[in-house]
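Participant: Heads up, the sequence shown is in the numbering used here, so the first residue is 38 and it goes up one at a time.
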Amino acid sequence: MCRRIADTMNAESFSFQFLSPQGESRRLAPVFDSDFPGVSFLSKALSAREAGAFARQIAQSTVPLWWRPAGVPPFPSAGARCWADEIENPTESNTCGIAFPVSLEHGRSGVIAFAGDSIVIDEAGLCDVHARCFALFGEVAKQRLEDCAKALPVSKREIECLRLTASGMTSEDIASSLGLSVHTANQYLTNSTHKLNAVNRIHAVAKALRSGLID
């Protein structure tokens with residue numbers, strides 16, 4: 038679905054991310070993207086600690102946000118720009134991008150972002166893409182509940198290691214934070230990856246986010 042949406046705008050990459058619950062530091066966490074099961078540059082840039090301002094913008098409004106490198110002309114049409122806000126480039130790259138904040142009533146919120154050198158979108162396209170992003174977000178939220186029901190029991194310690202991984206910590210950081218050896222921290226992550234039927238720890242974090250095991 039994200040790939041089809043990206044194609045309608047001539048975007049080269051996309052990133053689907055969940056927004057962390059209300060707290061002192063709002064963060065975005067990648068769920069899947071155009072490099073899945075890996076993590077794309079777009080996902081890494083938007084979920085980095087340095088992108089906290091972008092996450093707060095996502096939390097405050099559902100207005101689409103777009104950005105461009107210095108000297109590049111606007112890519113949304115004049116009509117589309119009336120319904121979207123231009124922001125400072127949150128990726129520090131030379132690529133244009135547009136982000137569609139999405140949410141569920143009394144539930145999780147997040148963003149579906151697209152990037153590319155040749156993105157084109159008009160007013161009708163902006164409305165259509167945003168509506169499709171909301172629909173996709175609802176489907177992923179539904180799948181999260183189903184994944185939760187199917188998943189093998191994950192221990193509290195395994196969940197804690199996944200949560201710290203989602204916050205950007207390495208195995209060494211996790212071991213130091215929890216008073217464990219690096220080997221034990223890695224074992225917890227390996228166990229949770231197996232229980233969630235994931236291909237690696239990043240995929241396990243994504244599935245844990247989708248299933249609601251971590252926020």
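Don't be surprised by glycine CBs; every beta carbon is placed ideally from N, CA and C.
Every value quoted in this text rests on a predicted model; they were computed, and no experiment measured them.
Quick check: what's the CA-CA separation for N131 versus I156?
Facilitator: For N131 and I156, the distance between alpha carbons rounds to 13 Å.
Participant: Can you list, in chain order, the residues of its chain whose CB lies under 6 Å from that of D122, leaving out five sequence neighbours each side?
Facilitator: If we look at D122 and ignore the five residues flanking it on each side, its Cβ neighbours are V100 and L102.
Participant: Can you list, in chain order, the residues of its chain whose CB lies under 6 Å from that of E49, leaving out five sequence neighbours each side?
Facilitator: G153, listed in sequence order.
Participant: Given that a residue counts as buried once 16 or more other Cβ atoms are within 10 Å of its Cβ, and exposed if not, what is F167?
Facilitator: Per the sequence shown, residue 167 should be read as His rather than Phe. Classification of H167: buried, given that the 10 Å Cβ count is 16 or more.
Participant: Which residues does DSSP pair with P138 in a beta bridge?
Facilitator: DSSP, once it has assigned bridges, lists V148 as partnering P138.
Participant: Give every residue of the same chain whose Cβ lies closer than 7 Å to the Cβ of E61, excluding the five residues on either side of it in the sequence, and list them in chain order.
Facilitator: Its pLDDT being 48, under 50, E61 is placed unreliably in this model, and the value from its coordinates should be taken loosely. If we look at E61 and ignore the five residues flanking it on each side, it has no Cβ neighbours.
Participant: Roughly how many angstroms separate the alpha carbons of V242 and D44, rounded to a whole number?
Facilitator: Between V242 and D44, the C-alpha separation is close to 27 Å.
Participant: Determine the direct distance from the alpha carbon of I158 to that of F112, and round the result to whole angstroms.
Facilitator: Taking the straight line joining both Cα atoms gives about 7 Å.
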